[in-house]
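From first to last, the protein sequence lines are chains U and C.
The first sequence runs 1 to 186 under the working numbering.
The second sequence runs 187 to 372 under the working numbering.
Every residue gets a Cβ at the ideal spot worked out from N, C-alpha and C, and that includes glycine.
Accompanying notes for the structure given below.
Protein chains: 2
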Amino acid sequence: MADAGRPSRRREILEIAAQLFARKGYRGTSMRDIGVAAGVLGGSLYHHIKSKDALFVELHNAALDAAEERIAQAVEAQSDPWAKLEAACAMLLDIQLAPDSLTMPMMNDFREVPPAVRAELVARRDRFEQLFRALVDLLPLPPQMDRSIYRNLLLSQLNGVSDWYRPGRLTPAQVAAQIAAVFRHG
Amino acid sequence: MADAGRPSRRREILEIAAQLFARKGYRGTSMRDIGVAAGVLGGSLYHHIKSKDALFVELHNAALDAAEERIAQAVEAQSDPWAKLEAACAMLLDIQLAPDSLTMPMMNDFREVPPAVRAELVARRDRFEQLFRALVDLLPLPPQMDRSIYRNLLLSQLNGVSDWYRPGRLTPAQVAAQIAAVFRHG
DNA sequence: CCTACCGATCGGTAGG
DNA sequence: CCTACCGATCGGTAGG
Numbered sequence: 001m002a003d004a005g006r007p008s009r010r011r012e013i014l015e016i017a018a019q020l021f022a023r024k025g026y027r028g029t030s031m032r033d034i035g036v037a038a039g040v041l042g043g044s045l046y047h048h049i050k051s052k053d054a055l056f057v058e059l060h061n062a063a064l065d066a067a068e069e070r071i072a073q074a075v076e077a078q079s080d081p082w083a084k085l086e087a088a089c090a091m092l093l094d095i096q097l098a099p100d101s102l103t104m105p106m107m108n109d110f111r112e113v114p115p116a117v118r119a120e121l122v123a124r125r126d127r128f129e130q131l132f133r134a135l136v137d138l139l140p141l142p143p144q145m146d147r148s149i150y151r152n153l154l155l156s157q158l159n160g161v162s163d164w165y166r167p168g169r170l171t172p173a174q175v176a177a178q179i180a181a182v183f184r185h186g
Numbered sequence: 187m188a189d190a191g192r193p194s195r196r197r198e199i200l201e202i203a204a205q206l207f208a209r210k211g212y213r214g215t216s217m218r219d220i221g222v223a224a225g226v227l228g229g230s231l232y233h234h235i236k237s238k239d240a241l242f243v244e245l246h247n248a249a250l251d252a253a254e255e256r257i258a259q260a261v262e263a264q265s266d267p268w269a270k271l272e273a274a275c276a277m278l279l280d281i282q283l284a285p286d287s288l289t290m291p292m293m294n295d296f297r298e299v300p301p302a303v304r305a306e307l308v309a310r311r312d313r314f315e316q317l318f319r320a321l322v323d324l325l326p327l328p329p330q331m332d333r334s335i336y337r338n339l340l341l342s343q344l345n346g347v348s349d350w351y352r353p354g355r356l357t358p359a360q361v362a363a364q365i366a367a368v369f370r371h372g
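Rendered as structure tokens:
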């Protein structure tokens, strides 16, 4: 309670690291890069974190925790299944395309990461995707549409937006509306 | 004509490098890795290639050349606009999901690559995507659907398949059919 | 938080 | 195609 206003030094470093990882990827971001951005030498970061791997996993999981909560809230505010889905897409893209903040667009490039780290990320992401599984199960899809593939395609589509999205032309909400329109069937 | 049957040593090295890049990414593949797979030391590769960057660009562009030609053939065999699109998707996934061969699924992770290389890859890929632009322009889409975004979503969807596809459950053609079903509107 | 360093690995080269 | 090496960079650590 005493120092609620001022973020801790560790927190500052986590946010700086999250932005660098999001922008340059896991392997493209060195501990020295993070150090420079934080105004210290790379080695000094190890007073606050255990390893680069542990730092990345912590950021990834914290980001998914936050995203899960915000998406669940957005979904609850809707009652129609298609409206729920579009709300979830819009919130996910809002989070993923936000230029700042520690909530991230770095759930991609799993191949850049050491195998032990990858296993942790995959497990956490699988849980996250259950949220969309529930939403897809609610949809009145035509019977010949395989819901498992449909869900994979939707998640892959949402994840891929950060690869081609450029701010200015479209808002994240507009992109979400277009995706929802493409995936609306039956 | 004389030695048509036996692939040149250079060609062998290119195919080995293509598979490694496809599996582990640009930064995840060292010249020493390629050397080991080819049965030589890393430094020895420089008799056949100029640099890692040039090697990657050459592989990338050759793969897109081949893909472009095969997709164009598949499209010509169809007359209906939707059939053309589905044929193009099926051929692209066939190429991208083939477990071997130098035609590759490495058109992703542009962020892993040095800026000068990235510029070349992007330019070549933009040309490649014109092929799909023509196909989308033929479709009788509902008027409120923005064709530029629709095309981006389709290409992003196709590109992302290699991230979640696991051989066995579905053939590339079946995945293409599902994608075509999702994107069929109007 | 810095100094000063470690062992490993990288792309690439000279010279044969 | 190998030997032998280069300068750079990496994650991480000891000791203060």
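Does Arg213 (chain C) pass the burial test, meaning 16 or more other C-beta atoms within 10 Å, or should it be called exposed?
buried
So which residues of chain C does Val117 (chain U) contact, with C-beta pairs closer than 9 Å?
Simply none; closest approach about 13 Å.
Is the CB of Ala87 (chain U) under 8 Å away from at least one CB in chain C?
no
DSSP state of Arg319 (chain C), grouped into three classes?
Three-state DSSP puts Arg319 (chain C) in a helix.
Residue span of the alpha helix (DSSP H) that contains Leu206 (chain C), given as start and end:
Arg195 to Lys210
Look up Asn345 (chain C) in the DSSP assignment and say whether it is helix, strand or coil.
helix
Along chain C, which residues have their Cβ under 7 Å away from the Cβ of Trp164 (chain U)?
Asn338 and Ser342
Answer yes or no: does any C-beta atom of chain U fall closer than 8 Å to that of Asp189 (chain C)?
Low local confidence applies: a pLDDT of 45 at Asp189 (chain C) is under 50, so the model's placement there is unreliable, and no value is given.
For chain U, check one thing: does any of its Cβ atoms lie closer than 8 Å to the Cβ of Ala367 (chain C)?
Look at Ala367 (chain C): its C-beta is under 8 Å from a C-beta on chain U.
Extent of the continuous alpha helix (DSSP H) run through Pro267 (chain C)
Pro267 to Leu283
Nearest-angstrom beta carbon gap, Gly35 (chain U) and Asn345 (chain C) [assumed within contact, 8 Å]:
Rounded, the Cβ-Cβ distance is 34 Å, inconsistent with contact.
Please state the DSSP three-state secondary structure of Asp251 (chain C).
helix
C-alpha gap between Asp65 (chain U) and Arg127 (chain U), whole angstroms:
So the alpha carbons of these two residues sit roughly 10 Å apart.
Residues that Lys210 (chain C) contacts on chain U, provided the C-beta gap is smaller than 9 Å
Arg111
Cβ-based burial, Lys52 (chain U) [other Cβ within 10 Å; buried from 16]
buried
Looking only at its chain, what residues have a beta carbon closer than 8 Å to the beta carbon of Ala302 (chain C), apart from the 5 residues adjacent to it on each side?
Asp239
Which residue wins for smallest C-alpha separation from Thr55 (chain U), given the options U:Ser156, U:Ala72, U:Ile16 and U:Leu41?
It is Leu, not Thr, that sits at residue 55 (chain U) in the sequence shown. Closest by alpha carbon: U:Ile16.
Would you say Met145 (chain U) faces chain C, with C-beta separation under 8 Å as the test?
So yes, Met145 (chain U) belongs to the interface.
Given Ala273 (chain C) as reference, the closest of C:Val322, C:Glu244 and C:Asn247 once Cα atoms are compared:
The option with the nearest alpha carbon to Ala273 (chain C) is C:Val322.
Do you know offhand how far Cys89 (chain U)'s Cα is from Phe296 (chain C)'s?
If you take the alpha carbons of Cys89 (chain U) and Phe296 (chain C), they lie about 25 Å apart.
Let me know the secondary structure DSSP gives Leu245 (chain C) once reduced to three states.
The answer is helix: DSSP assigns Leu245 (chain C) an H, G or I state.
Report the rounded CA-to-CA distance for Ala188 (chain C) versus Ala223 (chain C), giving the unit in angstroms.
Here Ala188 (chain C) scores only 41 on pLDDT, less than 50, and its place in the model is too uncertain to base an answer on.
Val57 (chain U) to Asn108 (chain U) span [Cα, whole Å]:
13 Å
Could you pull the start and end residues of the alpha helix (DSSP H) that Val182 (chain U) belongs to?
Pro172 to Phe183
Residues of chain C with CB closer than 9 Å to the CB of Arg27 (chain U), please, in chain order.
Gly211, Arg213, Gly214 and Glu298
Taking the alpha carbon of Arg209 (chain C) as the reference point, which residue from C:Val361, C:Pro358 and C:Ser348 has its own alpha carbon closest?
C:Ser348
Does any CB atom of chain U fall closer than 8 Å to the CB of Arg197 (chain C)?
At a cut-off of 8 Å between beta carbons, Arg197 (chain C) makes no contact with chain U.
Listing by chain order, which chain U residues have their CB less than 9 Å from the CB of Gln282 (chain C)?
Ordered by position in chain U, no residue passes the 9 Å Cβ test against Gln282 (chain C), which lies about 13 Å from the chain.
Nearest to Gln282 (chain C) (by Cα), restricted to the options C:Ser230, C:Ala204 and C:Phe369
Each of C:Ser230, C:Ala204 and C:Phe369 was checked against the Cα of Gln282 (chain C), and the nearest Cα belongs to C:Ala204.
From Glu315 (chain C) to Leu341 (chain C), what distance separates their C-alpha atoms?
8 Å
Partner residues on chain U for Gln316 (chain C), Cβ-Cβ distance less than 8 Å:
Per Cβ cutoff of 8 Å: no residues; Gln316 (chain C) is ~15 Å from chain U at best.
When you compare the CB positions of Gly186 (chain U) and Leu153 (chain U), do they come within less than 8 Å of one another, or not?
no
Return no unless some Cβ of chain U is closer than 8 Å to the Cβ of Ile220 (chain C).
no
So what does DSSP say about Leu141 (chain U), is it helix, strand or coil?
It is coil, neither helix nor strand.
Ile335 (chain C) and Gln178 (chain U): beta carbons closer than 8 Å?
yes
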